[in-house]
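Chains as they are written, first to last, in our numbering: chain A, 24 to 185; chain B, 150 to 251.
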Amino acid sequence: MAIQIILLCGLVIFSGLAILFKDLLKAALSLAVASLFLGIIFFRLGAPYAGVFEISVVAGLITVLFILTIALTKRGDEVTEARLVKLAFPVFFILFLVIDGLVMKSLLQKIPALPSGPEAGSFGQVLWQQRTFDLVAQIGVILAGVLAVLALFRKKEEDKDE
Amino acid sequence: MSNLWFLYLFFAALLIFIGIYCLLTMRNLIKLFIAVEVISKGVSLAIVATGAVKNNILLAQSLAITYIVVEVSLVATALALIINIYKKNKSLDVRLLSKLKG
């Protein structure tokens, strides 16, 4: 339990740092560390496949994409944020912390959730047999993402033709 | 069991709050996207934790993997969009986008 709380605190701290760092590179790396914490939490919750995906894809691939974008937009650091934003963050955070602690417990009793009960079969059976439609949708989403990226970078060639 | 569920959802709500705060207040497009990522971390934590507490971890795990795949696709598309916006405006300031006309 204590380790879980430390991991959850690490996740929140690095996520907070990711939005508070002015340097975008540091922010992207903080986000990767937060993903690492989340992956370890998934492992400890008994979800190793989700943990592997979280660490390899989110902490690895997405961080690389972020760093690539930051490198391609070098002057992006020059955007000035309002000073009040960083000063007000701790105040709002503590306020939300208190509200969250007070409200969440009573809220949980009212939210309907999945009925408790042991599951049958393995992860592979659940993923490939019960969630087959999800897998088809995932292929569609990946194709849509690839086509969108291709369409966004095709624009330059059209400009040359003109 | 309920205490454990409370703990995870408490932290998931904190992550979602951090993300929403950043989305509402910051101006840098990449920062805004980092905020979206933080929110998605909160959501995936809530999904897996609820699955673990309610003994539905296999289903929760498959949903989390689906969610991660959607997230990657979203990131790739959005970052390509951000690079295009930067090429056009020479800035990542989100306020410049208000000058767009359809």
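From the three backbone atoms N, C-alpha and C, an ideal C-beta is built for every residue, glycine too. Remember, predicted model here, so these are calculated numbers, not experimental data.
Restricting attention to A:Ile165, A:Leu47, A:Ala57, A:Gly69, the CA atom closest to the CA of A:Ser145 is found in A:Gly69. Residues of the stretch 225 to 239 of chain B whose Cβ lies closer than 8 Å to any Cβ of chain A, in chain order: Ala225, Thr226, Leu228, Ala229, Leu230, Ile231, Ile232, Asn233, Tyr235, Lys239.
Taking a C-beta cut-off of 9 Å against chain A, the contacting residues of the stretch 197 to 210 of chain B are Val197, Ala198, Thr199, Gly200, Ala201, Val202, Lys203, Asn204, Asn205, Ile206, Leu207, Leu208, Ala209, Gln210, listed in chain order.
At least one beta carbon of chain B lies nearer than 8 Å to the beta carbon of A:Gly124. The beta-carbon distance between B:Val197 and B:Ala209, rounded to whole angstroms, is 5 Å. This is short enough to meet the 8 Å contact definition. Per DSSP, A:Arg154 is not a residue of any alpha helix (DSSP H), being assigned neither H nor E. In this structure, the straight-line span from the alpha carbon of A:Leu131 to that of A:Leu61 is close to 22 Å. Cβ-Cβ distances below 6 Å link B:Tyr216 to Ser193 in the same chain, with the five nearest sequence neighbours on each side left out; the list follows chain order. Using a Cβ-Cβ distance cut-off of 8 Å, the stretch 69 to 88 of chain A and the stretch 25 to 39 of chain A are not in contact, since fewer than three pairs of beta carbons, one from each stretch, lie closer than that value.
Boundaries of the alpha helix (DSSP H) harbouring A:Asp123: 106 to 133, taken from the DSSP string. For A:Asp46, the closest of B:Lys180, B:Phe166, B:Lys236, B:Ile167 by C-alpha to C-alpha distance is B:Lys180.
Per DSSP, B:Val202 is one residue of the alpha helix (DSSP H) stretching across 178 to 202. By the C-beta density criterion, A:Glu77 is buried, having at least 16 other C-beta atoms within 10 angstroms. Neighbours of B:Lys248 across chain A, judged by C-beta separation under 7 Å, do not exist; the nearest C-beta is about 15 Å away.
At a beta-carbon threshold of 8 Å, none of the residues of chain B lie near A:Asp46; the nearest stands roughly 11 Å away. DSSP lists B:Asn177 as the bridge partner or partners of B:Asp242. DSSP places A:Ala73 inside the alpha helix (DSSP H), whose first and last residues are 71 to 76. No Cβ of chain B is located within less than 8 Å of the beta carbon of A:Thr155. At a Cβ-Cβ threshold of 8 Å, A:Val172 and B:Ala225 count as neighbours. Between the alpha carbons of B:Ile231 and A:Ala143 lies a gap of roughly 44 Å.
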